[in-house]
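Below is one structure; the comments refer to it alone.
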Amino acid sequence: ALHRLSPRKTGTFVAVNCGAIPDTLLESELFGHKKGAFTDATSDKRGLFEEANGGTLFLDEVGELPAALQVKLLRVLQEDTIRKLGDTRDTKTDVRIVAATVRDLHREVGEGRFREDLFYRLNVLPVHLPALRTRREDIPPLVDHFVARTNKRLGTSIAGIDADAMKVLYEYAWPGNVRELENTIERAMVLCEGDTIRVADLPEKLSEASDPIRMTLQSGELSIKKTTRVIEEVLIRRALQRTGGNRTRAAEILELSHRALLYKIKDYGIA
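Take 3 as the starting number for the sequence shown in our numbering and just add one per residue.
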């Protein structure tokens, strides 16, 4: 969206994950090289800065850049020129840089792992994207987007995801944020035998992590009172789900009085 809504929208958008390319190849990928610059350089190569000239270059995981490339990137930002590996001349470049990282660059700078001058060059207009677990309402549209995109790329025809599987996605903490969700959906689509993603198509760790009873038992918690509360809340939620929210029938299934169930629903904050 930053590219599509910018004055550079007619230019090229190029994205690269700085953490996914070996350090030995990353400089050539970014800046290009001349024939003979190194053993396997059998021809000239355009770098990503040249590919994105007039447009936008997205440096994902910029916090993974090795120190030597941090220096070279800083020079590009300061002088608007690049120098290919093996070249003796600079080439003018006109590229808008958008950078992202999951690292705390303030901390990385303080601990000497990221250049302070480069940080301030990049940090002109910071945009903080909250963790996915704090904006779970974004999960359904993201899932729809990833399903549509993966269908197009793989030639599949998955219609979507069922309610139980979506519930698992909602309850998972997503330590890897949107990228983990994207990989999860793509994996599920590859494994899916029907036209709808089901719980069985999701990684087992998601189901385990969304099971509060399993999480409590695995945590080493020894308090009977705390463990009982976790189990009790799960059973109440399941009973209400099974009865379509009918509290009288749920109380009968749970073998509780109606008044006791109402008290516990309020106590656990069950909507």
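The beta carbon of each residue, even a glycine, is placed where N, CA and C say it ideally should be. Note that the coordinates shown come from a computational prediction; the quantities given were computed from them, not determined experimentally.
Which listed residue (Leu258, Gly222, Arg135 and Asn248) has its alpha carbon closest to that of glutamate 234
Considering only alpha carbons, the answer is Leu258.
* Asked: Tell me which same chain residues have a C-beta within less than 6 angstroms of the C-beta of arginine 85, skipping the five on either side of it?
  -> For arginine 85, where only same-chain residues beyond five positions count, the Cβ hits under 6 angstroms are Asp92.
So who's on the other strand from leucine 61, going by DSSP bridges?
Leucine 61 is bridged by DSSP to Val18 and Ala101.
key: Under 8 angstroms between C-beta atoms of glutamate 182 and tryptophan 176   = The answer is yes: Cβ separation under 8 angstroms.
Nearest to aspartate 96 (by Cα), restricted to the options Leu134, Glu53 and Arg137:
That would be Glu53, whose Cα lies nearest to the Cα of aspartate 96.
With the cut-off set at 8 angstroms, would you say asparagine 19 and aspartate 46 are in Cβ contact? Cβ atoms of asparagine 19 and aspartate 46: not closer than 8 angstroms.
- [ ] Just tell me which of Glu139, Gly162, Pro68 and Asp269 has its CA closest to the CA of alanine 173.
- [x] Before going further, note that residue 173 is glutamate rather than alanine in the sequence given. When each option's Cα is compared against that of glutamate 173, the closest is Glu139.
**Study point:** Segment limits, alpha helix (DSSP H) that includes glutamate 235
**Key:** Per DSSP, glutamate 235 belongs to the alpha helix (DSSP H) from 226–244.
Does the beta carbon of glycine 157 fall short of 7 angstroms from some heavy atom of the ligand COA?
Absence of the ligand COA from the depicted structure is noted, as is the absence of any ligand whatsoever, leaving it without description.
Serine 225 classed as buried or exposed, judged by whether at least 16 other C-beta atoms fall within 10 angstroms:
Per the 10 Å Cβ criterion, exposed.
Rounded to a whole number of angstroms, what is the C-alpha to C-alpha distance between leucine 71 and valine 64? Distance between leucine 71 and valine 64, taken at the CA atoms: about 10 angstroms.
### Task
Kindly confirm or deny that the stretch 156–171 and the stretch 107–122 touch, where touching means at least three C-beta pairs closer than 8 angstroms.
Contact between the stretch 156–171 and the stretch 107–122 is absent, because fewer than three Cβ pairs lie under 8 angstroms.
- prompt: CA-CA distance, phenylalanine 60 and valine 111?
  reply: If I take the Cα positions, the gap works out to 21 angstroms.
Q) Helix, strand or coil for leucine 87 per DSSP? A) Here leucine 87 sits in strand by DSSP.
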